[in-house]
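A.B. asks: Quick one: structure below, then a few questions.
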Amino acid sequence: MSFSVTILGNSAAKPTPHAHPSAQVVNLNEQYYLIDAGEGVQHQLIRRGINPLRLRAIFISHLHGDHCFGLIPLLATLGLEGKRTPIEIYAPAPMGEILEFNRKIFLEDLPYEIKWHEVRTTEHRIIMENNTLEVWSIPLRHRVPTAGFHFKEKQPQRNVDKFKIEKYGLSIAQIVAAKRGEDILLEDGQMIANEEITYIPHKARSYAYLSDTNYSAKAAERVKGVDLLYHETTYGQSDEMWAAGRGHSTTIEAAKVAQKAEAKHLIIGHFSARYRDYEALAEECRTIFANTDVATEGATFTIEKEQ
100 MSFSVTILGN SAAKPTPHAH PSAQVVNLNE QYYLIDAGEG VQHQLIRRGI NPLRLRAIFI
160 SHLHGDHCFG LIPLLATLGL EGKRTPIEIY APAPMGEILE FNRKIFLEDL PYEIKWHEVR
220 TTEHRIIMEN NTLEVWSIPL RHRVPTAGFH FKEKQPQRNV DKFKIEKYGL SIAQIVAAKR
280 GEDILLEDGQ MIANEEITYI PHKARSYAYL SDTNYSAKAA ERVKGVDLLY HETTYGQSDE
340 MWAAGRGHST TIEAAKVAQK AEAKHLIIGH FSARYRDYEA LAEECRTIFA NTDVATEGAT
400 FTIEKEQ
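Start counting at 1 in the sequence shown, then tack on 99, and there's your number in our numbering.
Shown next as structure tokens:
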């Protein structure tokens with residue numbers, strides 16, 4: 100089962116000729132989820148070979164334009180492309196009002212339904228769940244109500260050791276029961292512990308997206324042990340006063356969050372237009388957290404399976 104994140108945009112609010120505003124796509128087992136929708140997001144999807152019709156849901160961290168100005172054009176294009184199934188949108192209020200206004204003016208003839216779910220930005224809770232995934236909201240510290248998102252793969256079903264199937268002559272019904280975690284009673288009365296005949300194929304994986312925010316120890320605690328962490332890094336450490344006043348983080352603060360969260364891998368983005376050398380920002384992070392990379396546009400970060 101694949102689990103990856105593709106970066107569509109890594110810049111902050113001010114437009115630049117070489118970068119796009121915030122947007123990413125999470126792919127879990129060929130189910131696609133869009134995080135943030137900065138201006139030009141639909142062009143970036145196409146450029147990266149991701150069919151917008153494959154999006155299952157859209158998550159908007161907050162209602163600043165560099166995180167959502169691309170949403171309405173994307174919704175319109177989905178209609179032109181023939182989408183018929185509903186699209187789920189998870190975003191803070193008043194996104195519902197924004198969507199309703201645009202539906203009346205620009206999206207009146209959409210051939211599919213838009214379902215908005217309010218994200219309460221002060222609550223840490225599950226906001227979406229299906230058979231393979233949970234998505235949690237993470238309260239953040241920005242100038243407007245903002246939430247990060249924690250994508251947590253559900254633990255895969257146990258596999259049954261094929262050699263134990265042969266050894267004990269397990270029936271199909273017994274194999275199914277073993278996959279559910281049950282112990283197995285053989286015909287001769289012997290009870291076989293589930294742990295003896297099954298194994299977990301791999302550990303559940305996770306990805307956390309911490310959008311615009313000041314340093315937050317609570318956010319770090321809430322994503323403890325995350326495999327891949329994205330943390331906004333709008334400023335270098337020399338500009339920490341700008342970061343503090345504008346509700347953003349510096350390189351060192353992002354690295355400290357990754358360290359406190361015991362993350363395995365940190366990627367940084369949402370860079371101010373004043374910077375061109377993103378690698379220099381990553382080097383600052385590496386003085387605290389060695390496994391840091393730039394969320395380069397077009398890059399895909401894969402979370403590998405671990406036994």
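Backbone N, C-alpha and C define an ideal beta-carbon position, used for all residues, glycine too.
Small disclaimer: the values here were computed from a predicted structure and weren't measured.
Report all residues from its chain with a CB closer than 6 Å to the CB of Lys-113; omit the five preceding and five following residues, and keep chain order.
C.D. replies: Ala-372
A.B. asks: Within this structure, are the beta carbons of His-303 and Gln-254 separated by less than 8 Å?
C.D. replies: A quick correction: the sequence has Ala, not His, at residue 303. For Ala-303 and Gln-254, yes; Cβs fall inside 8 Å.
A.B. asks: Which two residues bound the contiguous alpha helix (DSSP H) that contains His-241?
C.D. replies: Per DSSP, His-241 belongs to no alpha helix (DSSP H) and is neither H nor E.
A.B. asks: Between which two residues does the alpha helix (DSSP H) holding Met-194 run?
C.D. replies: Following the DSSP letters along the chain, one finds Met-194 inside the alpha helix (DSSP H) bounded by residues 194-204.
A.B. asks: Measure the C-alpha to C-alpha separation of Arg-224 and Leu-309 and round it to an integer number of angstroms.
C.D. replies: 15 Å
A.B. asks: Straight-line CA distance for Val-322 to Asp-311?
C.D. replies: When only Cα atoms are considered, Val-322 and Asp-311 end up about 16 Å apart.
A.B. asks: For the region 216-300, list the alpha helix (DSSP H) runs that are entirely contained and at least 4 residues long, ordered along the chain.
C.D. replies: Taking only runs of at least 4 residues, the alpha helix (DSSP H) segments lying wholly in the region 216-300 are 261-267, 271-278 and 293-296.
A.B. asks: Whole-angstrom Cβ separation of Ile-188 and Ile-213, contact assumed at under 8 Å?
C.D. replies: 6 Å
A.B. asks: Could you check the C-alpha separation between Gly-368 and Met-290 for me, to the nearest Å?
C.D. replies: 54 Å
A.B. asks: Should Ile-159 and Tyr-131 be called a contact, given that it needs their Cβ atoms to be closer than 8 Å?
C.D. replies: no
A.B. asks: To test your reading of the DSSP string, which unbroken beta strand (DSSP E) runs of 3 or more residues are found completely within the region 328-378?
C.D. replies: 364-368
A.B. asks: Is Ala-272 near Ile-296, with beta carbons less than 8 Å apart?
C.D. replies: no
A.B. asks: Could you spell out the range, first to last residue, of the alpha helix (DSSP H) harbouring Gln-143?
C.D. replies: 140-146 is the extent of the alpha helix (DSSP H) around Gln-143.
A.B. asks: Considering only the beta carbon of each residue, do Asn-128 and Ser-101 sit closer than 8 Å?
C.D. replies: Here Asn-128 is near Ser-101, since their CB atoms are less than 8 Å apart.
A.B. asks: Return the CA-CA distance between Val-234 and Ala-122, expressed in angstroms with no decimal places.
C.D. replies: So the two alpha carbons sit approximately 17 Å from each other.
A.B. asks: Can you look up Ile-171 in the DSSP assignment and give me helix, strand or coil?
C.D. replies: helix
A.B. asks: Please go through the same chain and pick out, in chain order, the residues whose beta-carbon is closer than 8 Å to the beta-carbon of Arg-385, but skip the five residues on each side of it.
C.D. replies: Within the same chain, Arg-385 has close Cβ partners Ala-354 and Thr-391.
A.B. asks: Check each candidate in Lys-182, Arg-147, Ile-134 and Glu-331 and name the one with the smallest Cα separation from Leu-170.
C.D. replies: Ile-134
A.B. asks: Enumerate in chain order the residues of its own chain whose CB-to-CB distance from Arg-345 is below 8 Å, with the five nearest sequence positions on each side excluded.
C.D. replies: Only Arg-242 and Thr-333 meet the Cβ criterion.
A.B. asks: Keeping to the same chain, check which residues put their C-beta closer than 6 Å to that of Ile-106; ignore five residues upstream and five downstream.
C.D. replies: By the criterion of a C-beta distance shorter than 6 Å, Ile-106 is surrounded in its chain by Gln-123, Ala-394, Glu-396 and Ala-398, once the five residues flanking it on both sides are discounted.
A.B. asks: Find the nearest neighbour of Leu-144 within the set Cys-167, Tyr-211, Asp-165 and Leu-173, judged by alpha-carbon distance.
C.D. replies: Leu-173
A.B. asks: In this structure, how does DSSP classify Glu-382 when only helix, strand and coil are distinguished?
C.D. replies: Look at Glu-382 here: in three-state DSSP terms it is helix.
A.B. asks: Residue range of the alpha helix (DSSP H) that Arg-321 falls in?
C.D. replies: 316-321
A.B. asks: Cβ atoms of Lys-182 and Pro-210: under 8 Å apart, would you say?
C.D. replies: yes
A.B. asks: Can Leu-365 and Phe-388 be called in contact, C-beta distance under 8 Å?
C.D. replies: yes
A.B. asks: For the beta strand (DSSP E) containing Ile-186, list its first residue and its last residue.
C.D. replies: 186-190
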